[in-house]
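Visitor: Pasting a structure here, questions to come.
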Amino acid sequence: MALYSEKVMDHFRNPRNVGVIEDADGVGEVGNPVCGDIMKIYLKINDDVIEDVKFETFGCGSAIASSSMATELIKGKPLSEALQLTNKAVTEALDGLPAHKLHCSVLAEEAIKKAVKDYYDKNGIEYDHDLFPDCEGCEHCCDGH
Amino acid sequence: MIYADNAATTKMSKKAIDEMVEYMEGCYGNPSSLYEFGQEAKVALEDARNRIAACIGADAKEIFFTSGGSEADNQAIFSAAKLGEKHGKKHIISTAFEHHAVLHTLERLKKQGFDVELLDVHKCGVVTPEQVRAAIRPDTCLVTIMFANNEIGTVQPIKEIGEICREKGVLFHTDAVQAVGHLPVNVREQNIDLLSLSAHKFHGPKGIGVLYARKGVVLDNVINGGAQERGKRAGTENLPAIRGMAVALEEAVGNIDSYTAKLIPLRNRLIDGLNKIPYSELNGDAEKRLAGNVNFCFEGIEGESLLLLLDDKGICASSGSACTSGSLDPSHVLLAIGRPHEVAHGSLRLTLGEDTTAEDVDYIVKSVTEVVTYLRNMSPFWRDLVNGKRPHVFAE
């Protein structure tokens, strides 16, 4: 029994959408080097649709696989749909993660939300604040470390 | 496959396997039984005890078989603490980078009112005898310091520490799990009162070890029951494993010189190769370390993903990252030598063995260089380091 599912290993070995979008419309970074994982999501948005998405991740195998899967799940989708993405959906799409690695899928969800929020903030677009996690004091990114 | 995780466990010696099979098939009697068949097992048991004692300069009566290094550590420390408590002595000296079998046992004693002092091991990963001398108090009942560290391989000045403990009348225990069979160990010459060892670190079987306790040091039982091991460790003796351990130990001790002569150049070749990776650094002293141990930190990457990609290239290694330790914090050993968290997450331990070749070392260097470069290229942390948004920890 391997540590990770075949799906996780596939996305870890061949991550989709790795890289940077230089002229991104929204960028979200979560995590902290002290905790050993950082995820950064870059979005290119056109007409409220995610035209392109790239990620950079510093972290373990499941962090890289979660980022890769999350970007696949939101690529080409309207922002409203991307905001509905949950860590559970990322985990399920990966055929599961070990219990102590679920945190990685939460980071992926939060990084995407942070990137969308960045896009809204930059363009002065009104939004429902409840849609976005309050990162202050949240243990997932362990910023308070 | 290149097996470079010999500090985790080792490939079993063929001689030890043959010995074990012989005892499983032919000599399965219980050493406690009075009939001849049982007594044959008893003779074989005592013969193994004599031979193991000879390998570490002990007397056979000072050898107690345990389930391994962890149990031996537990029993040694609890015993010394109990002896100390009788005389009102509840101060214990250890180091910050001991194995968890020692540290977690000390944690329990702390809850029972013991005062545990962990000495600094410095950036080099070596404690000095002077530190021990300065820390000993009238109420010190035990000094427990590992012979060689399991992660960074640094070797401690055991003989000198033992001498100070002897002089001050304080019991000295050493967790020698990584040292026995790899370095010359002699409990008499090195002034050791209590020592733990584990067979599977020197090509013996898993699940068997020894607690050496100098004559006169009264042990307290961890496992209660029958009168085996002179009443100090209950349970029917695992004779095949004990026989396998004796054979493996004699073999390993006999090979120390050739093993060391072979491994040190390979280890140094590996260190030189990995040093060429920018922003990386060797953990622990370069000289005062086990012949087969290499431990590096690489900036900007995380250890678990490094291990998984090395596994894909057929290399078995280990890391001290939080993700591999199953906790939120990276290795306590790397933190103890002053590595910041963000760098400790990017650690790699490679421990070579008898079978390692120069070609293996070159392949490891090539593979690690490729994987580190690949992971850095997708790391936002590395990007920040390169762009000067975060400060580098190491020099280029």
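Protein sequence lines, in the order shown, are assigned to chains A and B.
One point on numbering: in my numbering, the residue at position 19 of the first sequence is 156, and numbering is uninterrupted.
One point on numbering: in my numbering, the residue at position 106 of the second sequence is 109, and numbering is uninterrupted.
No residue lacks a Cβ here, since even glycine has one placed at the ideal position from N, Cα and C.
Given this structure, state the Cα-to-Cα distance separating T143/B from H90/B, to the nearest angstrom.
Guide: Looking at the two C-alpha atoms, the distance is approximately 10 Å.
Visitor: Any C-beta of chain B sitting closer than 8 Å to the C-beta of E153/A?
Guide: Checking the sequence, you will find Arg at residue 153/A rather than Glu. So, not an interface residue.
Visitor: For R292/B, which residues in the same chain have their Cβ closer than 6 Å to its Cβ, ignoring the five residues on either side in sequence?
Guide: Excluding sequence neighbours, R292/B sits near G156, T157.
Visitor: Report back the beta-carbon spacing between I175/A and F384/B to the nearest angstrom; my notes put them in contact at under 8 Å.
Guide: Going by Cβ atoms, the distance from I175/A to F384/B rounds to 5 Å, so yes, they are a contact pair.
Visitor: Taking 8 Å as the CB-CB limit, is P281/B close to chain A?
Guide: P281/B does not count as touching chain A.
Visitor: Using a beta-carbon distance cut-off of less than 7 Å, what residues from the stretch 185-217 of chain A approach chain B?
Guide: The stretch 185-217 of chain A vs chain B, Cβ under 7 Å: E193, T194, F195, G196, C197, G198, I201.
Visitor: Return the chain-ordered list of same chain residues with a C-beta closer than 8 Å to the C-beta of V105/B, the five sequence neighbours on each side being excluded.
Guide: Once the five neighbours on either side are set aside, the close Cβ partners of V105/B are D76, I80, S97, T147, M149, D178.
Visitor: Is it buried or exposed for A202/A, if we count other Cβ within 10 angstroms and need 16 for buried?
Guide: Buried is the call here.
Visitor: In the structure shown, what three-state DSSP assignment does A347/B receive?
Guide: Residue state, collapsed to three classes: helix.
Visitor: For I175/A, go through chain B and note every residue whose CB falls closer than 7 Å to its CB, in chain order.
Guide: Ordered by position in chain B, the residues that pass the 7 Å Cβ test against I175/A are P383, F384.
Visitor: Are the Cβ atoms of G356/B and M4/B separated by less than 8 Å?
Guide: No. Outside cutoff.
Visitor: Can you list, in chain order, the residues of its chain with a C-beta nearer than 6 Å to that of V250/B? Leave out the 5 residues immediately preceding and following it.
Guide: K18, A19, E22.
Visitor: For L388/B and G303/B, what's the separation of their Cα atoms in angstroms?
Guide: Cα to Cα, L388/B sits roughly 8 Å from G303/B.
Visitor: How many angstroms separate the CA atom of D223/B from the CA atom of E166/A?
Guide: Spanning the two alpha carbons is a distance of roughly 54 Å.
Visitor: When you compare the CB positions of N153/B and A10/B, do they come within less than 8 Å of one another, or not?
Guide: Yes, these two residues count as a Cβ contact at 8 Å.
Visitor: Report the three-state DSSP secondary structure of H94/B (helix, strand or coil).
Guide: H94/B falls in the strand class under three-state DSSP.
Visitor: Please report the residue range of the alpha helix (DSSP H) in which F384/B lies.
Guide: 383-389 is the extent of the alpha helix (DSSP H) around F384/B.
Visitor: DSSP three-state label for H176/B, please.
Guide: H176/B: strand per DSSP, three-state reduction.
Visitor: By the three-class DSSP mapping on this structure, what secondary structure does M176/A have?
Guide: Reduced to three states, the DSSP call for M176/A is strand.
Visitor: Check distances from the C-beta atoms of the stretch 220-234 of chain A to those of chain B and list, in chain order, the residues that come in under 9 Å.
Guide: Answer set for the stretch 220-234 of chain A: empty.
Visitor: DSSP three-state call for P160/B: helix, strand or coil?
Guide: DSSP places P160/B in coil when its eight states are reduced to three.
Visitor: Can you say whether V24/B is buried or exposed, counting buried as having 16 or more other CB atoms within 10 angstroms of its CB?
Guide: V24/B should be labelled exposed.
Visitor: Throw me the rounded Cβ distance for the G210/B and L200/B pair, which I believe falls under 8 Å.
Guide: No, G210/B and L200/B are not in contact; Cβ-Cβ is about 13 Å, not under 8 Å.
Visitor: Beta-carbon separation of S324/B and H348/B under 8 Å?
Guide: A contact, by the Cβ cut-off of 8 Å.
Visitor: With three or more C-beta pairs closer than 8 Å as the rule, is the stretch 250-262 of chain A touching the stretch 169-188 of chain A?
Guide: Because the criterion of three Cβ pairs below 8 Å is met, the stretch 169-188 of chain A and the stretch 250-262 of chain A touch.
Visitor: Which value, in whole angstroms, describes the spacing of the CA atoms of G274/A and K126/B?
Guide: The predicted position of G274/A is uncertain, since its pLDDT is 49 and thus under 50; a value taken from the coordinates is nonetheless stated next. One C-alpha to the other measures close to 33 Å.
Visitor: So, with DSSP's three-state summary, where would you put F192/A?
Guide: DSSP places F192/A in strand when its eight states are reduced to three.
Visitor: Compare the C-beta of D196/B against all C-beta atoms of chain A and say whether one is closer than 8 Å.
Guide: So, not an interface residue.
Visitor: Inspect the beta-carbon positions of E305/B and G173/A and report whether they are closer than 8 Å.
Guide: Yes. Within cutoff.
Visitor: Determine the direct distance from the alpha carbon of E307/B to that of A230/A, and round the result to whole angstroms.
Guide: So the two alpha carbons sit approximately 22 Å from each other.
Visitor: Whole angstroms are fine: how far does the CA of N151/A sit from the CA of D403/B?
Guide: A query on residue 403/B cannot be resolved here, the shown segment of chain B reaching from 4 to 399 and no further.
Visitor: Are Y215/B and L198/B closer than 8 Å when you measure CB to CB?
Guide: For Y215/B and L198/B, yes; Cβs fall inside 8 Å.
Visitor: Which residue or residues does DSSP assign as beta-bridge partners of P215/A?
Guide: Paired residues: V186/A.
Visitor: Could you list which residues in chain B have their beta carbon closer than 9 Å to that of E166/A, in chain order?
Guide: Result: P383.
Visitor: Would you say V190/B and I95/B are within 8 Å of each other, going by their C-beta atoms?
Guide: No, Cβ-Cβ distance for V190/B and I95/B is not below 8 Å.
Visitor: For V256/B, which residues in the same chain have their Cβ closer than 7 Å to its Cβ, ignoring the five residues on either side in sequence?
Guide: Same-chain partners within the cutoff: C58, G184.
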